[in-house]
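Colleague: Handing you this structure, nothing more for now.
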Amino acid sequence: MQFQHDGSTAAQVNISSIQDIFVEGGDKQLGGTAMTLGKTAAPFGGGRVVSLFAHKKYDVLTVEYLDNSGGFHGAIFQLEKGQGETFKKALVADGAHITPPVERSPTQSTLEVKNDK
Amino acid sequence: MTNRKDLLAATKTTLGLSGFHRPNRHCGLLATVILLVCALQLQVIVPTVHAESSTDGKSGGAQPWSVQVDRVDPGDVGLDPSFGAAIYENLLEELAKTEQFKQVYRSGDRNANDAPGLLILKTTVQKYTPGSETRRAVTTVSGATKLNVRVQLVTRKGQVVEEHVVDGNVRFIGGNLRATHNLAHNVAATLKKSPLPEQAAVLPEKESGSK
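Protein chains in written order, with our numbering: chain A, 602 to 718; chain B, -18 to 192.
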């Protein structure tokens, strides 16, 4: 597997060095900071209405792997909705290692999870 | 009544600006020169003090520590795996930026085994509130992503050298993962603020390399 981050040198990861792969859903606002500032400046709360519709769902693919000296790495990829599972399956088919998912309790999947110690 | 008038007049003469300048023209000039000299002295002294304190806080001694960033312990707060990975990677980046440590190693890096004066940074997530960028954009007041972690710097033998509780949030602009960047930045800043003990005081002689 090979990937590049912000024009830096490409990282090459041996499929067998992958320790785990996770896929989650995500949601983001479109347009970046410029659009956010524009929405803030819009009168009569018009920006808020735009925000309601100007968002996009995507998949987050997290790949945990080890480098040549045993150092642990975490790489996060933002993919089109639905592509995360496809990528995960392809990597597993090529020999990537994954741990079976641990089921979360229903309370932890709610909006707010807190653990005060 | 007359006495009061005289008193007011005297006060006016002494405290009034024009009254001050006229009789004290030479004194005013002298005061200006003294003020200038003091200001110049301050300019010379203050950077020296800053330089000294920043050197002291850097490593806490002649031999700087190295640090190995351990994997983030998600605790039992249901932390998303992407958040764990993002906190870990951002910590590596932010700690390297501060130049407080001689080397910053990844978890499991074999090169860290022989590194003298190694501290291990353990991060445990205590609170996690998943937010929503859309909710933040629409409501402004809700949808914040909040993280609260306990960070410990421990020696190889498990002795805790530093312990802090640090927050990282994203409340207005930015994606949810920005909270991990803010958190890592806060952790690095907190560690930089608190001076580390000298290696000789914490480690056995053999490990610290001191005679």
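All C-beta atoms in this analysis are idealised placements derived from N, C-alpha and C, irrespective of residue type, glycine included. Given the structure is predicted, the values throughout are model-derived calculations rather than measurements.
#1: Leaving out the 5 sequence neighbours to the left and right, which residues in its chain are closer than 7 Å to TYR659(A) when beta-carbon positions are compared?
#2: Candidates GLN603(A), VAL693(A) and PHE673(A): which alpha carbon is nearest GLY65(B)'s?
#3: With a CB to CB cut of under 8 Å and the five nearest residues on each side skipped, what residues in its chain are close to GLY639(A)?
#4: Once DSSP output is grouped into helix, strand and coil, what is the label at LEU158(B)?
#5: Can we count GLN49(B) as close to the ligand MN, meaning its CB is less than 7 Å from some heavy atom?
#6: Among VAL183(B), GLU74(B) and THR171(B), which residue has its Cα nearest to the Cα of THR136(B)?
#7: Let me know if VAL58(B) comes out buried or exposed under the rule of 16 or more other beta-carbons within 10 Å of its beta-carbon.
#8: Taking Cβ positions only, does GLY639(A) come closer than 8 Å to chain B?
#9: Under 8 Å, with one C-beta from each stretch per pair, do the segment 616 to 627 of chain A and the segment 135 to 153 of chain B reach the 3-pair mark?
#10: Please check if any C-beta of chain B sits within less than 8 Å of the C-beta of ASP695(A).
#11: Considering only residues of the same chain and omitting the five flanking positions on each side of SER123(B), which have a CB-CB separation below 8 Å?
#12: Please return the same chain residues whose Cβ sits closer than 7 Å to the Cβ of ILE677(A), not counting the five positions on each side in sequence.
#13: Quick one: grab the DSSP three-state call for THR634(A).
#14: Is LEU60(B) helix, strand or coil by DSSP?
#15: If the cut is a Cβ gap below 7 Å, which residues of chain B does VAL614(A) touch?
#16: Identify every run of the beta strand (DSSP E) within the segment 77 to 130 of chain B, keeping only runs that are complete inside it and at least 3 residues long; order them along the chain.
#17: Let me see if you follow: with CB-CB separation under 8 Å, is GLY632(A) close to chain C or not?
#18: Expressed to the nearest angstrom, what Euclidean distance is found between the alpha-carbon atoms of TYR69(B) and PHE688(A)?
#19: Considering Cα atoms alone, identify which of VAL651(A), GLY671(A), THR610(A) and ILE622(A) is closest to PRO701(A).
#20: Under a Cβ-count criterion, where at least 16 other Cβ atoms within 10 Å of its own Cβ denotes burial, should ARG91(B) be classed as buried or exposed?
#21: Could you tell me if ASP51(B) is buried or exposed, where buried requires 16 or more neighbouring beta carbons within 10 angstroms of its beta carbon?
#22: On the CB-based measure, 16 or more other CB atoms within 10 Å of its CB, does GLN180(B) come out buried or exposed?
#23: For LYS127(B), which of PRO178(B), ASN163(B) and ALA77(B) has the nearest alpha-carbon?
#24: Output, in sequence order along the chain, the residues in the segment 48 to 78 of chain B whose CB is closer than 8 Å to any CB in chain A.
#25: Span of the alpha helix (DSSP H) holding PRO667(A)?
#26: Buried or exposed for GLY685(A), going by 16 or more other Cβ atoms inside 10 Å?
#27: Could you spell out where the alpha helix (DSSP H) holding LEU692(A) opens and where it closes?
#28: What whole-angstrom Cβ distance do LEU99(B) and GLN133(B) have, given they're in contact under 8 Å?
#29: Assuming contact is defined by CB atoms lying nearer than 8 Å, are LEU177(B) and VAL142(B) in contact in what I supplied?
Modeller: Reading from the atomic positions:
#1: Here residue 659(A) is taken as the residue at index 58 of the first sequence, counted from 1. Only GLY627, LYS629, GLN679, LEU680, GLU681 and LYS682 meet the Cβ criterion.
#2: Your numbering for residue 65(B) matches position 84 in the second sequence. The candidate whose alpha carbon is nearest that of GLY65(B) is PHE673(A).
#3: The residue you call residue 639(A) lines up with position 38 of the first sequence. Excluding residues within five positions, the ones whose Cβ falls inside 8 Å are GLY632 and GLY648.
#4: To locate residue 158(B), count along the second sequence from 1; it is residue 177. LEU158(B) falls in the coil class under three-state DSSP.
#5: In terms of ligand content, the structure shown is empty, and the ligand MN therefore cannot be addressed.
#6: Position 155 of the second sequence, counted from the first residue, corresponds to residue 136(B). That would be VAL183(B), whose Cα lies nearest to the Cα of THR136(B).
#7: Locating residue 58(B) in the second sequence gives position 77, where the first residue counts as 1. Buried, by the Cβ-count rule.
#8: Mapped onto the first sequence, residue 639(A) falls at position 38. So, not an interface residue.
#9: In short, these stretches do not touch, since the Cβ pair count stays below three.
#10: Residue mapping note: residue 695(A) aligns to position 94 of the first sequence, counting from 1. Not one chain B Cβ lies under 8 Å of ASP695(A).
#11: Looking up residue 123(B) in the second sequence gives position 142. Contacts found: ARG116 and ARG117.
#12: In the first sequence, residue 677(A) corresponds to position 76, counting from 1. For ILE677(A), where only same-chain residues beyond five positions count, the Cβ hits under 7 Å are VAL661 and THR663.
#13: For this step, residue 634(A) is matched to residue 33 along the first sequence. In the structure shown, the three-state DSSP call for THR634(A) is helix.
#14: Here residue 60(B) corresponds to residue number 79 of the second sequence, with the count starting at 1. Three-state result, LEU60(B): coil.
#15: Counting from one through the first sequence, the residue named residue 614(A) turns up at place 13. Per Cβ cutoff of 7 Å: no residues; VAL614(A) is ~14 Å from chain B at best.
#16: 99 to 110
#17: Chain labels in this structure do not include chain C; the protein chains are A and B.
#18: One-based indexing of the second sequence puts residue 69(B) at position 88. One-based indexing of the first sequence puts residue 688(A) at position 87. One C-alpha to the other measures close to 23 Å.
#19: Translated into the one-based positions of the first sequence, residue 701(A) becomes position 100. Of VAL651(A), GLY671(A), THR610(A) and ILE622(A), the residue nearest in Cα terms is ILE622(A).
#20: Numbered from its first residue, the second sequence carries residue 91(B) at position 110. ARG91(B) is exposed by the Cβ-count criterion.
#21: The residue you call residue 51(B) lines up with position 70 of the second sequence. Buried.
#22: As a first step, residue 180(B) is located in the second sequence; it is residue number 199 there, counting from the start. When all chains shown are included, GLN180(B) counts as buried.
#23: Start at 1 with the first residue of the second sequence, and residue 127(B) comes out as number 146. That would be ASN163(B), whose Cα lies nearest to the Cα of LYS127(B).
#24: The segment 48 to 78 of chain B vs chain A, Cβ under 8 Å: ARG52, GLY56, ASP57, VAL58, GLY59, ASP61, PRO62, SER63, GLY65, ALA66, ALA67, TYR69 and GLU70.
#25: Against the first sequence, residue 667(A) aligns to sequence position 66. A small correction: the amino acid at residue 667(A) is Leu; Pro does not occupy that position in the sequence shown. Element bounds for LEU667(A): not the alpha helix (DSSP H) but the beta strand (DSSP E), 656 to 667.
#26: The residue you call residue 685(A) lines up with position 84 of the first sequence. Around the beta carbon of GLY685(A), 16 or more other beta carbons sit within 10 angstroms, so the residue counts as buried.
#27: Indexing the first sequence from 1 puts residue 692(A) at position 91. Where LEU692(A) is concerned, the enclosing alpha helix (DSSP H) stretches over 684 to 694.
#28: Locating residue 99(B) in the second sequence gives position 118, counting from the first residue. Locating residue 133(B) in the second sequence gives position 152, counting from the first residue. With a Cβ gap of about 14 Å, LEU99(B) and GLN133(B) do not count as contacting.
#29: Start at 1 with the first residue of the second sequence, and residue 177(B) comes out as number 196. Start at 1 with the first residue of the second sequence, and residue 142(B) comes out as number 161. Cβ distance < 8 Å, so LEU177(B) and VAL142(B) count as in contact.
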